[in-house]
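Heads up: the sequence shown runs through residues 1108 to 1698, numbered per this note's numbering. We put the CB at the ideal spot given by N, CA and C, even for glycine. Since we're looking at a predicted model, the values are computed, not measured.
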Amino acid sequence: MANLGGPLVLPRILIAGALALLVAAPAAAAPRLLMPGVVYEKQVQFTSRGPVVIHVLTAPRPGGLHALKPVLSNGMIQGLQTVTSMQQDVSSIATVAGVNGDLFNWQDGHPTGGLIRDGVLEHRPSPDRSTIGIDSGGNLRVERLSLFGTWQGSGQRRPLLALNEPPGPNGISLYTPAWGPATPAVPGAYEVVISPLPPTVANIEVSGPVVQTAQNGGTQIPAGGAILVARGTQAAKLAAEAPVGQIAAVRLILKPDWSEVVDALGGGPIIVREGKPVFRALEVFTPEQLLPRNPRTGVGQRADGRIILIAVDGRQPGYSVGMTNFELAQTLARLGAVSGSALDAGGSTTMAFDGQLLNRPSDPAGERPVSEALSIFYFGAYAPPPLLAAMSPNRDGVDERQELSYKLVRPSVVSVSLVGPDGAARHTESGPKDPGTYPLSFAGRTAAGAAEVQGRWRWSITATDDLERVSTVSRTFTLNNTLGFLRAERKLLAIPRERPRALAAVTLSSSATISAAVETPTGAPLATVLSGRQSPGRLTLVWDGRNRNGSFVYPGRYVLRVRATNSFGSIELTAPFGVRVLAKKPPKPKP
1108 MANLGGPLVL
1118 PRILIAGALA
1128 LLVAAPAAAA
1138 PRLLMPGVVY
1148 EKQVQFTSRG
1158 PVVIHVLTAP
1168 RPGGLHALKP
1178 VLSNGMIQGL
1188 QTVTSMQQDV
1198 SSIATVAGVN
1208 GDLFNWQDGH
1218 PTGGLIRDGV
1228 LEHRPSPDRS
1238 TIGIDSGGNL
1248 RVERLSLFGT
1258 WQGSGQRRPL
1268 LALNEPPGPN
1278 GISLYTPAWG
1288 PATPAVPGAY
1298 EVVISPLPPT
1308 VANIEVSGPV
1318 VQTAQNGGTQ
1328 IPAGGAILVA
1338 RGTQAAKLAA
1348 EAPVGQIAAV
1358 RLILKPDWSE
1368 VVDALGGGPI
1378 IVREGKPVFR
1388 ALEVFTPEQL
1398 LPRNPRTGVG
1408 QRADGRIILI
1418 AVDGRQPGYS
1428 VGMTNFELAQ
1438 TLARLGAVSG
1448 SALDAGGSTT
1458 MAFDGQLLNR
1468 PSDPAGERPV
1478 SEALSIFYFG
1488 AYAPPPLLAA
1498 MSPNRDGVDE
1508 RQELSYKLVR
1518 PSVVSVSLVG
1528 PDGAARHTES
1538 GPKDPGTYPL
1548 SFAGRTAAGA
1558 AEVQGRWRWS
1568 ITATDDLERV
1578 STVSRTFTLN
1588 NTLGFLRAER
1598 KLLAIPRERP
1608 RALAAVTLSS
1618 SATISAAVET
1628 PTGAPLATVL
1638 SGRQSPGRLT
1648 LVWDGRNRNG
1658 SFVYPGRYVL
1668 RVRATNSFGS
1678 IELTAPFGVR
1688 VLAKKPPKPK
1698 P
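Following this line, the structure appears as structure tokens:
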């Protein structure tokens, strides 16, 4: 969403309309555990305006193996990047799920609000909008902050109100390595390079020697240093009071004092306070930003400390119409938040896990590059879901081999096992491991080549890292040879009107409940071919070419889906086929 400033005027009729919106209780898919402690749920809320699709992430109170942190595009303040790409960039240090962050400047990508990472202040907060912080106790804080900064050379203390953003016409800004490799081009600007300079922790004065002066920007920012960039009247003062060799001091004061805040980013407005949705936050947002039903992003915290991240799809009639900002507040409160804030919205709204989208962004081009992401970090052992929910090593060439893996982000001592339904371990490993990803390919057969035991298998990892933090993760899959050798009788099927035609055949090695259905290529069911308990043997599947309503299907491509369920679990196979143009339906006989 573009950053549109200005005061907020809310017509009473719109207030009444928002409060009067009638909604049904949301329908929800089964929650899915993404990684230890972190759960994803997709809800659909049916309203008088149309459906609203809501994506929800919940995570433990930040601390220990979990953290809530901002991630910058390409690792720096300037520039833009998609949330999924940001997650891929940090995957070696954590497994990450999250949403888009603050509103941002379209020209250079810098956020419009505050930024604190690991206790270091890297961008000034907007005093007219909320900043979202996480303190050392894992508490979410949503407050308005103001920056009162100063710099001092050989003269008096002078104001410094910009941090990692271009200075005003007669202003001065401090650029740190968080900005990027070099200062931006600013014609007429005067620069002094300070190196070394300690990190800019709020409320603490830092100082260092001036080692270089430059003009017009484009100067390399030294690692462990910073650059003061001044324009207009401030440029003359900087040149006079900060020559090479002068000790320059910088002090960045936040009010209120957020010394205990570890990580923070801008956002707003505040939408939940003491468990109640906030309608008038009196922050500087326009009606165009708050009142339309748009995609929305938010963050909150429950009374027990669990974090809630929410992304609402919108601008997609028939799928999801979106929400107003106050409807987002109501939704976050319904989910149990006692405090919460909105984040950037519109086409920026994104939710992703481990580099994969969870929501459906509204921009026609897909996921929008943004300035930063608000991310749940998990530092423990992680095992992605097995490649196959059910493997079937019956030599029919389908789903024969299972691919497993686990990831470590810190040096750890591990205990790993793959255990069959009989309780016996087929694979074990233990001992110290470096950070990295460790794969295992499982063929589902013994060393002698016999088929392994059918049923549920468990892949488990326990790791103790170099910080003495213990994490455990396990994944399950089934080995089921019940169903195999599905073969469509013809790739292009012509079904005579006078009788059904054999569609396919499949082998059943154990008794099971079978369901066989014809679907469209997108998965929409059209007709049931077979349903019920079946004995072992070769089954022939017959279809008369009609859909569930008794009408003949149109010519085109279709999919046959066969599913078998028994004590070993469920297994399914699919086979594509086509239907060619059929003869006209004969007239009905006269009564």
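Alpha-carbon to alpha-carbon, L1481 and T1290
Taking the sequence shown and counting its residues from 1, the one referred to as residue 1290 is at position 183. Taking the sequence shown and counting its residues from 1, the one referred to as residue 1481 is at position 374. Straight-line Cα distance between these residues: approximately 25 Å.
Beta-carbon within less than 6 Å of A1342's beta-carbon, same chain only, minus the 5 sequence neighbours each way: which residues are those?
For the purposes of this step, residue 1342 is identified with residue 235 of the sequence shown, where counting begins at 1. If we look at A1342 and ignore the five residues flanking it on each side, its Cβ neighbours are Y1297.
Is the CB-CB distance between N1207 and E1479 below 9 Å?
Stepping through the sequence shown from its first residue, residue 1207 is reached at position 100. Stepping through the sequence shown from its first residue, residue 1479 is reached at position 372. Yes, they are a contact pair.
Does DSSP put L1129 in a helix, in a strand, or in coil?
If you number the sequence shown from 1, residue 1129 lands on position 22. In this prediction, L1129 scores a pLDDT of 48, lower than 50, which makes its location untrustworthy; no coordinate-derived value is stated.
Distance between T1165 and I1414 (C-alpha atoms, nearest Å):
As a first step, residue 1414 is located in the sequence shown; it is residue number 307 there, counting from the start. As a first step, residue 1165 is located in the sequence shown; it is residue number 58 there, counting from the start. Straight through space, the alpha carbons of T1165 and I1414 are spaced by roughly 5 Å.
Cutoff 6 Å; reference G1324; Cβ partners in own chain excluding five residues on either side:
Taking the sequence shown and counting its residues from 1, the one referred to as residue 1324 is at position 217. Here G1324 has T1290, P1291, A1292, V1293 and A1296 as same chain residues with Cβ atoms under 6 Å from its own Cβ, once five neighbours each way along the sequence are excluded.
CA-CA distance, G1538 and H1173?
Position 431 of the sequence shown, counting from 1, holds the residue named residue 1538. Position 66 of the sequence shown, counting from 1, holds the residue named residue 1173. It is roughly 24 Å from the alpha-carbon of G1538 to the alpha-carbon of H1173.
H1534 bridges to which residues according to DSSP?
Here the question's residue 1534 lines up with position 427 in the sequence shown. Paired residues: L1525.
Which of the three DSSP states is assigned to N1673 in this structure?
Locating residue 1673 in the sequence shown gives position 566, where the first residue counts as 1. DSSP places N1673 in strand when its eight states are reduced to three.
Taking L1179 as the reference, which of P1169, S1237, Y1147 and W1286 has the closest Cα?
For the purposes of this step, residue 1179 is taken as residue 72 along the sequence shown, with counting starting at 1. Checked all of P1169, S1237, Y1147 and W1286; the closest Cα to L1179 is W1286.
Hey, how far is the Cα of L1495 from the Cα of Q1322?
Taking the first residue of the sequence shown as 1, we reach residue 1495 at position 388. Taking the first residue of the sequence shown as 1, we reach residue 1322 at position 215. Cα to Cα, L1495 sits roughly 60 Å from Q1322.
Cβ atoms of L1304 and G1331: under 9 Å apart, would you say?
Position 224 of the sequence shown holds residue 1331. Position 197 of the sequence shown holds residue 1304. Taking 9 Å as the cut-off, the beta carbon of G1331 is found closer than this to the beta carbon of L1304.
Would you check if the stretch 1395-1409 and the stretch 1443-1458 touch, i.e. whether three or more CB-CB distances between them fall below 8 Å?
They touch, by the three-pair rule.
Counted within 10 angstroms of its Cβ, other Cβ atoms place D1572 as buried (16 or more) or exposed
Position 465 of the sequence shown, counting from 1, holds the residue named residue 1572. By the neighbour-count rule (16 or more Cβ atoms within 10 Å), D1572 is buried.
Residue environment, V1419, which counts as buried when at least 16 other CB atoms sit within 10 Å:
As a position in the sequence shown, residue 1419 is number 312, starting the count at 1. Around the beta carbon of V1419, a 10 Å sphere encloses 16 or more other beta carbons of the protein chains shown; the residue is thus reported as buried.
Here's the rule I'm using: 16 or more other beta-carbon atoms within 10 Å means buried, otherwise exposed. How should K1149 be labelled?
Taking the first residue of the sequence shown as 1, we reach residue 1149 at position 42. It is buried - the Cβ of K1149 has at least 16 other Cβ atoms within 10 Å.
May I have a chain-ordered list of the alpha helix (DSSP H) segments no shorter than 4 residues that lie completely inside the stretch 1355-1435?
For the stretch 1355-1435, whole alpha helix (DSSP H) runs of length 4 or above, ordered along the chain, are 1394-1397.
Runs of beta strand (DSSP E) lying entirely within the stretch 1270-1351, each at least 3 residues, in chain order:
Every beta strand (DSSP E) of 3 residues or more that sits fully in the stretch 1270-1351 is shown, in chain order, as 1279-1282, 1297-1301, 1313-1322 and 1333-1337.
Under a three-way DSSP split, which group does V1636 fall into?
The residue you call residue 1636 lines up with position 529 of the sequence shown. Of the three classes helix, strand and coil, the one that applies to V1636 here is strand, per DSSP.
If you follow the beta strand (DSSP E) that Q1353 is in, where does it begin and where does it stop?
Working through the sequence shown from its first residue, we reach residue 1353 at position 246. Here Q1353 belongs to no beta strand (DSSP E), and DSSP marks it neither H nor E.
Using 10 angstroms around the beta-carbon of K1540, count the other beta-carbons present and answer buried if the total reaches 16, otherwise exposed.
In the sequence shown, residue 1540 corresponds to position 433, counting from 1. Under this definition K1540 is a buried residue.
Given a cut-off of 9 Å, decide if K1598 and G1685 are closer than it, judged by their beta-carbon atoms.
Taking the sequence shown and counting its residues from 1, one reaches residue 1685 at position 578. Taking the sequence shown and counting its residues from 1, one reaches residue 1598 at position 491. Cβ atoms of G1685 and K1598: closer than 9 Å.
Measuring straight from C-alpha to C-alpha, what distance separates Q1319 and V1300?
Locating residue 1319 in the sequence shown gives position 212, counting from the first residue. Locating residue 1300 in the sequence shown gives position 193, counting from the first residue. Taking the straight line from one Cα to the other gives about 5 Å.
What does a CB cutoff of less than 6 Å around L1359 pick up in its chain, not counting 5 residues either side in sequence?
As a working note, residue 1359 is residue 252 in the sequence shown. Contacts found: L1228, G1256, T1307 and A1309.
Name the one or two DSSP bridge partners that F1584 has.
Taking the sequence shown and counting its residues from 1, one reaches residue 1584 at position 477. Paired residues: W1564.
Here's a check: name, in chain order, each residue in its chain whose Cβ is nearer than 6 Å to the Cβ of T1579, leaving out the five neighbours to either side.
Along the sequence shown, read from residue 1 onward, the residue named residue 1579 stands at position 472. The answer, listed in chain order, is T1569.
Less than 7 Å between C-beta atoms, sequence neighbours within five positions excluded: which residues of the same chain meet that for N1171?
In the sequence shown, the residue the question calls residue 1171 occupies position 64. Checking the displayed sequence, the identity of residue 1171 turns out to be Gly instead of Asn. Sequence-distant Cβ neighbours of G1171 in its own chain, meaning closer than 7 Å and more than five residues away, are R1576.
Limits of the unbroken beta strand (DSSP E) element including M1142
As a working mapping, residue 1142 is identified with position 35 in the sequence shown. Under the DSSP assignment, M1142 falls in the beta strand (DSSP E) whose first and last residues are R1139 to M1142.
Which of the three DSSP states, helix, strand or coil, is assigned to S1180?
Within the sequence shown, residue 1180 is the residue found at index 73, counting from 1. In the three-state scheme derived from DSSP, where H, G and I count as helix and E and B as strand, S1180 is classed as helix.
Assess contact between the stretch 1651-1666 and the stretch 1623-1637, defined as three or more Cβ pairs (one per stretch) separated by less than 8 Å. Is contact present?
Cβ pair count under 8 Å is three or more, so yes.
Quick one: residues in its chain with C-beta nearer than 6 Å to the C-beta of E1312, no 5 flanking neighbours on either side, listed in chain order?
Counting from one through the sequence shown, the residue named residue 1312 turns up at place 205. The residues A1356 and R1358, in chain order, have a CB closer than 6 Å to that of E1312 in the same chain once the five nearest residues on each side in sequence are set aside.
Range of the contiguous beta strand (DSSP E) that encloses V1249:
For the purposes of this step, residue 1249 is identified with residue 142 of the sequence shown, where counting begins at 1. V1249 -> beta strand (DSSP E) spans L1247 to R1251.
Touching or not, the stretch 1367-1380 and the stretch 1191-1209, by the rule of three or more beta carbon pairs under 8 Å?
Counting Cβ pairs under 8 Å, three or more are found: they touch.
On the DSSP letters alone, give me the boundaries of the alpha helix (DSSP H) that T1191 sits inside.
Here residue 1191 refers to the residue found at position 84 when the sequence shown is read from its first residue. Judged by DSSP secondary structure, T1191 falls within the alpha helix (DSSP H) whose first and last residues are V1190 to D1196.
Measuring only the C-alpha atoms, how far is I1678 from A1134?
Here residue 1678 is taken as the residue at index 571 of the sequence shown, counted from 1. Here residue 1134 is taken as the residue at index 27 of the sequence shown, counted from 1. Here the C-alpha atom of I1678 lies approximately 27 Å from the C-alpha atom of A1134.
DSSP three-state label for A1440, please.
Locating residue 1440 in the sequence shown gives position 333, counting from the first residue. The three-state reading of DSSP puts A1440 in helix, counting H, G and I together.
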